[in-house]
Structure formats: C-alpha cells, structure tokens
Amino acid sequence: MTGGGRPAQFGLSRSPVRDAIARLSSEGLVTILPNRTTLVTPFEIEEFPKYISALDLIQRAVTRLAATQRSEADLAKIRKADDVYMAAVASGDFQAMSETNKALHMAIAHAANNPYFVGYYERLLGEGQRLLHLHFDFTVSSPTAAKLGRDHDELIDAIVRRDADAAERAAHEHTMLFQKRFLDYMKQNMTESMAVL
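If you count by the working numbering, then the sequence shown holds residues 83 to 279, one letter each, in order.
The structure is reproduced here in structure tokens:
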C-alpha cells in the first residue's frame, strides 16, 4: 500500500487515510517501513498455536462473563447480530460472513461489560479474520458445511440461560472448531488424486 495517490482515488483527504493506516498499524495489521511504504503484516504460521491459546482463553472469559453480565438489550443485540450472520451464510458471501461473524462475537464481548476484554478480543478477532478468509471457501465446500451457520447456537443458548459453565464450554468448543477447520484447510492436497504418468 502506498498513501500517495490513494486518498484522491477514493475521494478522501489524506487525514482519514493516515488515521486508518495508524489504527491498522497499532493493531499490528500493517507495517510502516522507513520509506513510508505500508505493507500488510504477514501472519506467521508458527504463531498459530499461540494465537489459538490466546483466542481460546479470551473467548472463554468473554463468553462466560456475557452469560452472567448480559442485559436484555445485550441479548437483543446478540440475536440481531446472529440473524445478520445467518443471512451472510445463506448468501455465501465470504467477506460478509467474516465481518458479521466478528460483529456477533463483538456483541457477545460487549455483553461481558468489561472494556479491557472488548479491546483485546477485538484485536484477536481482527487477526482471526485474516485466517477466516483463507478457509471459509474450503469450509463451505466441505461435508460439514451444513452446520456452518449454526456454529453459534450453543454460545447464544448458554448466554440466554445465564449458564456460565455452559457458555465457557461452548466458547472453547467454538475455538477448537475454528482451529480444526483451519488445520483441515492446511492439510488439503489438491493433487493427491492426480496421475502424473
């Protein structure tokens, strides 16, 4: 990315573009080089186990807290976010699925009523969106695709029932499902059945 011609190309002044790049940089999503070139920060695959550990821990904490702290207004926002996510799944729009998945998880985070968790969780989810884009296409074409949209049912049900233990279990299972789908994507061999001779 280079900032030079981009603001004019999109009908913006330099300030909003500079602010957006500064935010992306603070979230670790872009790297600004000394010559002012901006690069998308690569995801280091060897960091995946650490990422999953952090995601699992914060997702369990946030979901557990949401089950005990949520209000009826929070619950309405969670249900609305789930409806929007399900519409994205039905449309097969991977970009919308990724964005609405994050929005649903952020609605749960806000229901936990702890801004420190919200900020950290949002950063982890942002990092995870980069991985979701890789494997959503693969997941949609897999045998488990029919279950794709219902991934959040147990999370939401536990939050509705204010069952903190069930919410934490469901959050852990959700993280492990994300890990499994990503690893299944990484294990695929597109030439396995191809004859060379």
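All C-beta atoms in this analysis are idealised placements derived from N, C-alpha and C, irrespective of residue type, glycine included.
All figures in this text were calculated on a predicted structure; none of them were measured in a lab.
One Cα belongs to I241, the other to A148, and the distance between them is close to 6 Å.
The three-state secondary structure of L121, taken from DSSP, is strand. Distance between L237 and N196, taken at the CA atoms: about 18 Å. Linking G93 to Y198 through their CA atoms gives a straight-line distance of about 35 Å.
The residue among R251, S107, H254, H234 with its C-alpha nearest the C-alpha of T182 is H234.
For D138 and A277, the gap between their C-alpha atoms comes out near 41 Å.
In the structure shown, T113 falls within a strand segment according to DSSP collapsed to helix, strand and coil.
Counting of Cβ neighbours within 10 angstroms places R243 among the exposed residues, the total staying below 16.
With contacts defined as CB atoms closer than 9 Å, F264 and L213 qualify as a contacting pair. In this structure, the CA atom of T145 is about 7 Å from the CA atom of A194. In the DSSP assignment, H256 falls within the unbroken alpha helix (DSSP H) covering 246-269. The C-alpha of E250 is placed about 7 Å away from the C-alpha of A143. In this structure, D156 sits away from L186, with a CB-CB distance that is not shorter than 9 Å. A direct Cα-Cα distance of roughly 32 Å separates M188 from R118. When C-alpha distances from T150 are compared across H256, P98, H192, V122, the shortest belongs to H192. Looking at the backbone, the Cα of H256 and that of L279 are separated by about 43 Å. DSSP, reduced to helix, strand and coil, places N195 outside both helices and strands of the structure shown, so it counts as coil.
In terms of Cβ geometry, Y267 and L216 form a close pair [threshold 9 Å]. With respect to the 9 Å criterion, Q261 and I114 are not classified as neighbours on the basis of their beta carbons. When DSSP states are grouped into helix, strand and coil, D233 belongs to the coil group.
Assigned with DSSP and collapsed to three states, T273 falls in coil, not helix or strand.
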